[in-house]
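J.: Here it is: the structure, laid out below.
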Amino acid sequence: MPSDIHSHTNNAGFFEIRMESIGGLGANLAGKMLAEAGVLKLGFNGSNFSSYGSEKKGSPVKTFVRFAAAETEIRSSSPIEEPHVVAVFHESLLRTQNCIVGLESHGVLIVNTAKSPDDIRVLTGLKSGVVLCVDALQIALEEKSRVNTAMLGALCRIIDFLDPEAVKTVISETLGRKYPTLAAANLRTFDRGFREGSISLYPAETNGDVYEPFVHPIPDLGYDSQALGGAIINPGNSITRDLSASRQGFLPAFSQEACIHCAACDEVCPDMCFVWNAKQDSRGRTFQYLQGIDYQYCKGCLRCIQACPTDALTTIRETDTYATDHRVRHQ
Amino acid sequence: MALQEHHPRPAQDMRKPQFEQTTDFRSGNEMAAKAAAQINYHLMGYFPITPSTEIAEYLDEMKANGEHDMVMIPADGEHGSAGICYGAAAAGGRVFNATSAQGFLYMIEQLPVQSGTRFPMILNLVTRAVSGPLDIRGDHSDLYYAFNIGWPILLAKDPQAVYDLNLIALRVAEHADVRLPVIVASDGFFTSHQKRRVQFFSDSKAVAHFVGETPVAPIDALDLEHVVTIGPYMNDPDLINTRYLQSQAMYRAQDVFQSVAREYQAQSGRNYDLLSAYRMDDAEIVVVLLNSAADTAKDAADHLRDKGIKAGVLSPVMIRPFPKDAIVSALRSAKVVLVGERADSYGGHGANMSHEIKAALQEAHASVKVITRIYGLGGRDFYPDDAEAFFELCLDAFAGKDVPTFDYYGHTAGKPDLASQERTTALSKEQTSGFVQVAQDPGTRQLSVKVPTLRALTAKANRIAPGHGACPGCGIFPGVNTFLKGIEGNVIVLYQTGCAMVTTTGYPVSSHRVTYIHNLFQNGAATLSGVVEMFVERKRRGEIHYDDDVTFLMVTGDGGMDIGMGSAIGTALRGHKMIILEYDNEGYMNTGSQMSYSTPLGHQTSTSGVGKREQGKSFHHKDTPQIMAATNIPYVFTGTEAHAQDLIKKAAKAQWYATHEGLAYGKILIACPLNWKAADEAGHEIVGAAVDSCFFPLYEVEHGITTITYNPEEKGKRVPVSDWLKTMGKAKHLLRPDNHELLKEFEDEVQRRWLRLTEKHANPHL
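In order, the protein sequences belong to chains A and B. Here the first sequence is numbered in the numbering used here, starting from 823 and rising by one per residue. Here the second sequence is numbered in the numbering used here, starting from 2 and rising by one per residue.
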């Protein structure tokens, strides 16, 4: 029912979706499949693109989808500023960046989380709108699929001009060519994403407000403060970065008692997370002792678990506060 | 001459096209590849560079699936790709290439050769900011270098135009009145990576109908009946005549383009002219923009029109030759024109577009104020309100306000409290020295190295700080950090472009605790040579006073040792006192896993696909350590993180040789879990299996004498090559029965190289 879209679009004639994810979760593919469903199956006009930088798997990425009526020309190629829907594929991003910027007062926030809409509203500071929480990770684990199709299900539940069958057709076509079993699992995942999850409405005080207006990103350093030729005069400052959002649910737990301080973990860690201290042993000789893990930099690759010859390092499911409670900071 | 778009939201031209078309949803790069596949060029020579890389990737995927049969040649760099294309064009076939930014600048030396000797081809320039500092996003600073190379240039504002203009461009290039190579330029990321609703001819026959057979070339290197000298030695007074003909051909390309575009409209229903002119009939204030930004500005023009202001947007479709008359005609009502330029001609009081428009108006004695704004450099987004701000500037000028004729737009001062940053203090001698000892036996000249335990080495400061942006499980850092454990004291590093560079220096943060320089990977070794020799010379002149030596280390990927091979060999032959450390992850991973020359036979990458017609890479991996050993430098080694003590020891030796004798080169095999299609935690074991399978033997070549430092056969650890291959998704297809012969070929090559190495180990004269 393509004509339905008119009642949903903004002044420029668009219905706009922003997906917040990390590289590797399939948001890019989700955006592509959603947009293809809208354009090729349902006859809307549309565009789809992602934010690109030098960052890699595990780094934050945004995917954008614009829909418009079939006859509307799409002109702007700039990122979506004030979306109707924000879909957060990775809950940790809510802690490390502002995911709801530009979301209008009647907007919809979809989050891949086991938390409740009330919890998410508190966590994000969202004033009004709709919050849909869907445990896409759990669904994907159970169905042996990926979170992106569960998120597509949730998106179709919210966006009533998008016929879920059209999206499912595109999922089948995209995955089915090479991996028929994968397609079936992802279709089940889509259905569960569509059906499951809890939703809450928080009424807006005034119509059409954008609670956190989008502003063009302005860098901290500018022409008054950049060093000559763009040099970085305080290198080593990457220690200020928080990479914990790269983890996808698992991290290494460290047990001091079982550790033989062999440094095998330290050698294989790509992110220099292991914190050491020099201490004297009972005979007065100085040795290096492993103190723990600086989880701010841990991306959850679990190489250290493989390397550890004892039980000092084990894989655990990450809970909300584990990393902050057990973090041993680099000096 | 300008294509007038009268309606704010024009529907597509509904005149019935002659051939059936398919509606799809594709990006600019996909449409460039689609056009090339449908044309079925004879040949593409290419080298990957963001954001144009996908064009070759899509073409490789289509080729693997049998959708075209173009010859795809992965060059050793863009200069090489341009050479391949030039040769292929001189040899009479249809030739295609795609590039961006530095890649374009690297090939630019070849491009006037191609146009000057009059061989048509098509180059897709997916525009991106020129370095440095390195910026991968889209602006027009590469395109502006193209204005003087003698190639007609078409501008494609969206994915549809990328397809259409690629088809039109070939006809223009091959036209008997033109015979010139043509560039089709589209915006990096904004167009190349943005999917839009598009149409293309359903059947390639429609494309064949439009582009026709390859015309017989007047000069053809493969016309064996008519021998010919292509590219004579030509001085004055002759060259000016060749150039005069070239100049005439360039101007004729304008008429040819218009007539071909009319033909294309009849076949496709889509209309192109020299300019895209939006609401220009009576426009008094005009914004001129190239490519995608012009579309963004149309909405702003509509808003002003709603208020009764006569605003218009002008955007050239053909920029070479410059459509002078069409521009003058389109600006006939204009009072104020703002030219937004996504590139600067530094010191020129405006970049090329501004001056060419000014010159055209001056010739026509038009009284128009022309304002220049340099905007969107480095890919800074152009939002609708930026377009409105441009029109506001025009209105201010129109109202007689003092508006500077030249300025930047969108540059920012930064937060004042950050103006004075505290500089980083260098690592102390104690933090990095006293761990590893190297001594030379005065009699035998043999080096002996004492390496402490990994545990003790945790007290040695890492030269790389935490907080880099590499993928989870990246093998670069365990590899490079383990190597650096063996390096004592001061280090200055140069990283060539690649994952290690990009993930550690994303402005404004850097992970390097020692001084670091980046240069593009054609030239890192030469650049570090310059640093080394300046160190020596300034020390000799007494300008710097360091008691200790400094170790100069270049870090590069295997890609950097493809495109930068010449620079590395030159550096080796000159014998500068430095180290080159190559981390080999068997592909161009930073740009999305294209094959490198180090990719093993049959391995899957995004340019060596697996499908009906392709089973991964078609030729064997490069043996870079042996190439470097053949330059007779004092020290060559291989290593991996899986043999840490071995690697640290070799690092210490490399440092000794780089301090006392000359260049040391080492290759470390490192895992890329993402593109090897392996688990994040598996890299250490995979590179270990590569060693145990004898694919990646650990050895050193010291003063020409080869020593295998770990022999898996002697240790009883040798495993079949397939045991290593099965650990990686990129190689699993080699274990299928139908790939038995390919696997055998690979195993034989591994064994041949291993046996040769064992012979060298046994005989110091080999």
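Note that the Cβ used here is the ideal one computed from N, Cα and C, for glycine as well.
Following the continuous beta strand (DSSP E) through B:Y517, name the residue where it begins and the one where it ends.
T.: Y517 to N520 is the extent of the beta strand (DSSP E) around B:Y517.
J.: Using C-beta distances below 7 Å, list every residue in its chain close to A:V1150, excluding the 5 sequence neighbours before and after it, in chain order.
T.: So the qualifying residues of the chain are V1097, Q1113, G1114, I1115 and D1116.
J.: Could you tell me if B:N242 is buried or exposed, where buried requires 16 or more neighbouring beta carbons within 10 angstroms of its beta carbon?
T.: Exposed: under 16 other Cβ atoms inside 10 Å.
J.: What are the residues of the segment 379-393 of chain B that lie near chain A, defined by any Cβ-Cβ distance shorter than 7 Å?
T.: Listed by position, the residues of the segment 379-393 of chain B near chain A (Cβ gap below 7 Å) are D382, F383, Y384 and P385.
J.: Taking B:R575 as the reference, which of B:D585, B:G610, B:E534 and B:E587 has the closest Cα?
T.: Measuring from the Cα of B:R575, the nearest candidate turns out to be B:E534.
J.: Excluding sequence positions up to five away, which residues of its chain have a Cβ less than 6 Å from the Cβ of B:E6?
T.: For B:E6, the predicted model reports a pLDDT of 49, less than 50, meaning its position is unreliable; a value from the coordinates is still stated below. The residues are Y279.
J.: Let me confirm a value: A:T1028 is counted as buried when at least 16 other C-beta atoms fall within 10 Å, else exposed. Which label applies?
T.: That one is exposed.
J.: Give a yes or no on whether the minimum CB-CB distance between A:M1094 and chain B is below 8 Å.
T.: At least one chain B Cβ lies under 8 Å of A:M1094.
J.: Counting only C-beta atoms, is B:L675 closer than 8 Å to chain A at any point?
T.: Chain A contact via Cβ: present.
J.: Sort A:E903, A:R979, A:F983 and A:L1135 by Cα distance to A:I1082 and report the nearest one.
T.: If we check each option's Cα against that of A:I1082, A:L1135 comes out closest.
J.: Quick one: using the 10 Å Cβ neighbour count with 16 as the cut-off for buried, is B:A331 buried or exposed?
T.: B:A331 comes out buried.
J.: Who are A:T946's beta bridge partners in DSSP?
T.: DSSP, once it has assigned bridges, lists no residue as partnering A:T946.
J.: Relative to the C-alpha of A:E842, which candidate in A:E904, A:F866 and A:V908 has its C-alpha closest?
T.: Among A:E904, A:F866 and A:V908, the Cα nearest to that of A:E842 is on A:V908.
J.: Could you please give the first and the last residue of the uninterrupted beta strand (DSSP E) stretch that includes B:Y87?
T.: First-last for B:Y87: E79 to A91, but that is the alpha helix (DSSP H), not the beta strand (DSSP E).
J.: For the segment 184-202 of chain B, enumerate the residues whose C-beta is nearer than 8 Å to any C-beta of chain A, in chain order.
T.: Those residues of the segment 184-202 of chain B that come within reach of chain A (Cβ to Cβ, closer than 8 Å) are D188, F190, F191, T192, H194, Q195, K196, R197 and R198.
J.: When we look at the beta-carbon of A:A1067 and count the other beta-carbons within 10 Å, is it buried (16 or more) or exposed?
T.: Buried: at least 16 other Cβ atoms inside 10 Å.
J.: Between the beta-carbon of B:P635 and the beta-carbon of B:H577, is there less than 8 Å?
T.: Not in contact: B:P635 and B:H577 (Cβ atoms no closer than 8 Å).
J.: Could you give the uninterrupted runs of the alpha helix (DSSP H) lying entirely in the segment 457-521 of chain B, keeping only those of 4 residues or more?
T.: Counting only runs of 4 or more, we get 477-486 and 500-505.
J.: Spell out the partners DSSP gives A:V908 in its beta bridges.
T.: Answer is A:R840 and A:L931.
J.: Quick one, which residues of the segment 1071-1103 of chain A are near chain B if we go by CB-CB under 8 Å, in chain order?
T.: Here the close residues are H1083, C1084, A1085, A1086, D1088, E1089, V1090, C1091, P1092, D1093, M1094, C1095, F1096, W1098 and A1100.
J.: Within a Cβ cutoff of 7 Å, which residues of the same chain sit near B:D283, ignoring the five residues on either side of it in sequence?
T.: So the qualifying residues of the chain are K311 and S334.
J.: Using the beta-carbon of each residue, which ones in chain B are nearer than 8 Å to A:Q1128?
T.: The contacting residues are E682, A683, H685 and E686.
J.: Quick one: Cα of A:G1122 to Cα of A:A1145, how far?
T.: Going by the C-alpha atoms only, they are around 11 Å apart.
J.: In angstroms, rounded to a whole number, what distance separates the CA positions of B:K654 and B:M555?
T.: The straight-line gap from Cα to Cα measures roughly 16 Å.
J.: For A:R917, does the count of other Cβ atoms within 10 angstroms reach 16, so buried, or fall short, so exposed?
T.: Flag for A:R917 reads exposed.
J.: Please compile the residues from chain A whose C-beta is within a distance smaller than 8 Å of the C-beta of B:I545.
T.: The premise fails here: B:I545 is roughly 19 Å from chain A at the closest Cβ pair, so nothing lies under 8 Å.
J.: Give a yes or no on whether 8 Å exceeds the smallest Cβ distance from B:D296 to chain A.
T.: For B:D296, the answer is yes, since a Cβ of chain A falls inside 8 Å of its Cβ.
J.: With burial defined as no fewer than 16 other Cβ atoms inside 10 Å of the residue's Cβ, what is the status of B:F794: buried or exposed?
T.: Within the shown structure, residues of chain B are numbered from 2 to 767, placing residue 794 of chain B beyond reach of any answer.
J.: Got a sec: is the Cβ-Cβ distance from A:F983 to anything in chain B below 8 Å?
T.: No, A:F983 does not count as interfacial toward chain B.
J.: Roughly how many angstroms separate the alpha carbons of B:E393 and B:H304, rounded to a whole number?
T.: The alpha-carbon atoms of B:E393 and B:H304 are separated by roughly 12 Å.
J.: Just checking my contact of A:A1007 with A:E965 at CB under 8 Å: how many whole Å lie between their CB atoms?
T.: Confirmed, Cβ separation roughly 5 Å.
J.: Just list the beta strand (DSSP E) runs in the segment 1013-1039 of chain A, keeping only unbroken ones of 3 residues or longer that don't cross its boundaries, in chain order.
T.: You should have 1020-1024.
J.: If you draw a straight line from the alpha carbon of A:D1093 to that of B:I477, how long is it in whole angstroms?
T.: Taking the straight line from one Cα to the other gives about 10 Å.
J.: Within a Cβ cutoff of 8 Å, which residues of the same chain sit near A:L915, ignoring the five residues on either side of it in sequence?
T.: The residues are E842, S843, I844, P882, C921 and A1067.
J.: Which residue's Cα is closest to the Cα of B:G560: B:Q422, B:G435, B:G480 and B:Y598?
T.: Nearest option by C-alpha distance: B:Y598.
J.: Hey, B:V183 and B:P153: beta-carbon distance below 8 Å or not?
T.: Yes; because the gap between Cβ atoms is below 8 Å, this pair is in contact.
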